Amino acid sequence: MLVFFSFAIVLNGSISSAATLNQTNITSSNNGYSISTFDKSVGGNVLANSAIKKDIPRTSLSNQIFQMTKKGSVILKFGNGHGPKLLISVGIHGNEPQANIAAMKYIEYIKNKNFNGTIYIIPFDIPKDTALNTRYYNGLDPNRIANIKGTPSWKIVQFAKNNGINYLIDVHSGGGVGKNGFIYHNAVSTKNEKKWISYIISKTKCSTGVDKADNPGMIRIAAHSYKINSITLETERDTTPVMSAAEAEFKMILAATKYLGFP
Ligand SMILES: [Zn+2]
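Each residue of the sequence shown is one higher than the one before, counting from 5 in my numbering.
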């Protein structure tokens, strides 16, 4: 009787984990991570962007991401779920490949690690814009419409809200940033945002400030409005070689995740 009883528990465990996988529409998974399609409306061949093609190493996972993004953006999930929940959004501007390169490097770094908490990463927010190396989506700046229902940036912020995300990083590159990178913080930062930013600065010597262009349609601002601790990372786009800029951004991502207790 005792033997049968413990068998039933194991069986029950495997059924419930299969149901969880179904529910979240996981396309594939292994011990370290899962990957699934996020937004089917924005697919594109990111390898059409010369910096993406040249500067991201080919691995089985990067090749899978490149293939899947033809049909939509993808979201990767890492960690065991017991701890903070972080979402990293990358490349809402399709002409900032330094951001995508840094995030793909981080994905390779984290992919087989076990740790407490959850990291979600969307490495190409709008693959069709990355393919064209353009900032604009249907003639609009996609990082000014996160407060408009149905847009790609709105879907990202709603995912964060609906999945209990505590921390969000929106990853960019831009001009006049400086070689160690820059963090845009919210005009009225939460206590956690302040501590988070101080830690990243202590590790990377990056700078920080507010964005004069701050707008309720930015991913960072929209997420912050839902009480999610949110920052924008920027690395130098114009005066630094692409790979050095991507490396500086990778270091900021690494510091930002270490602050949350991730590997
Ligand atoms: Zn940008």
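In this text, a Cβ means the ideal position worked out from N, Cα and C, and glycines have one as well.
Since the model is a prediction, treat every value here as computed from it, not as a measurement.
- Considering only residues of the same chain and omitting the five flanking positions on each side of ILE223, which have a CB-CB separation below 7 Å? SER93, ILE96, ASN147, ALA150, SER157, ILE160, VAL161, ASP174
query: Nearest to SER310 by CA position, among LEU258, LYS117, GLY98, is which residue?
result: The structure shown does not extend to residue 310, since the chain spans only 5 to 267, so no value can be given for it.
Inset, instruction - Starting from VAL78, follow its DSSP beta bridges and name the residues at the other end. - result: In DSSP, VAL78 forms a bridge with THR41.
Is GLU238 near ligand 1, judged by its Cβ being under 8 Å from some heavy atom? Result yes, Cβ under 8 Å from ligand 1.
- [ ] Would you tell me roughly how many angstroms separate the C-alpha atoms of VAL78 and GLU112, rounded to the nearest one?
- [x] 15 Å
For LYS207, three-class secondary structure by DSSP = helix
- [ ] Go ahead and label GLN71 buried or exposed: buried means 16 or more other beta carbons lie within 10 angstroms of its beta carbon, across all protein chains shown.
- [x] GLN71 comes out exposed.
Skipping 5 residues on each side, what residues in its chain have a beta carbon closer than 7 Å to that of SER66?
-> ILE60, MET108
Handout entry: Beta-carbon proximity list for PRO220, same chain, < 6 Å, skipping 5 on both sides
Key = Once the five neighbours on either side are set aside, the close Cβ partners of PRO220 are ASN151.
Q. From VAL50 to GLU251, what does the alpha carbon distance come to, in whole angstroms?
A. 20 Å
| query | With 16 as the cutoff for other CB atoms within 10 Å, does VAL46 come out buried or exposed? | reply | buried
Between TYR203, ASN233, VAL214, which lies nearest to TYR263 when the distance is taken from Cα to Cα? Cα-wise, what sits closest to TYR263 is TYR203.
Thinking just about the alpha-carbon of each residue, which of LEU136, LYS198, GLY178 is nearest to the one in GLY98?
When each option's Cα is compared against that of GLY98, the closest is LEU136.
- Could you tell me whether any non-hydrogen atom of ligand 2 is closer than 8 Å to the CB of ARG139? Ligands present in the displayed structure are limited to ligand 1, and ligand 2 is not among them.
Check your understanding: Under a three-way DSSP split, which group does LEU25 fall into?
Key -> Only weak support exists for where LEU25 lies, its pLDDT of 38 falling under 50; the value from the coordinates is given anyway. Here LEU25 sits in helix by DSSP.
task = Identify, in the order they occur along the chain, each residue of the same chain with its Cβ nearer than 6 Å to the Cβ of ILE30, setting aside the five sequence neighbours on each side.
result = Note that ILE30 scores a pLDDT of 48, beneath 50, so its modelled location is shaky and nothing firm can be said.
Check your understanding: Would you call PRO131 buried or exposed, if buried means 16 or more other Cβ atoms sit within 10 Å of its Cβ?
Key -> Its Cβ being crowded by 16 or more others within 10 Å, PRO131 is buried.
Assuming ILE225 is part of the alpha helix (DSSP H), what are its boundary residues? 223 to 229
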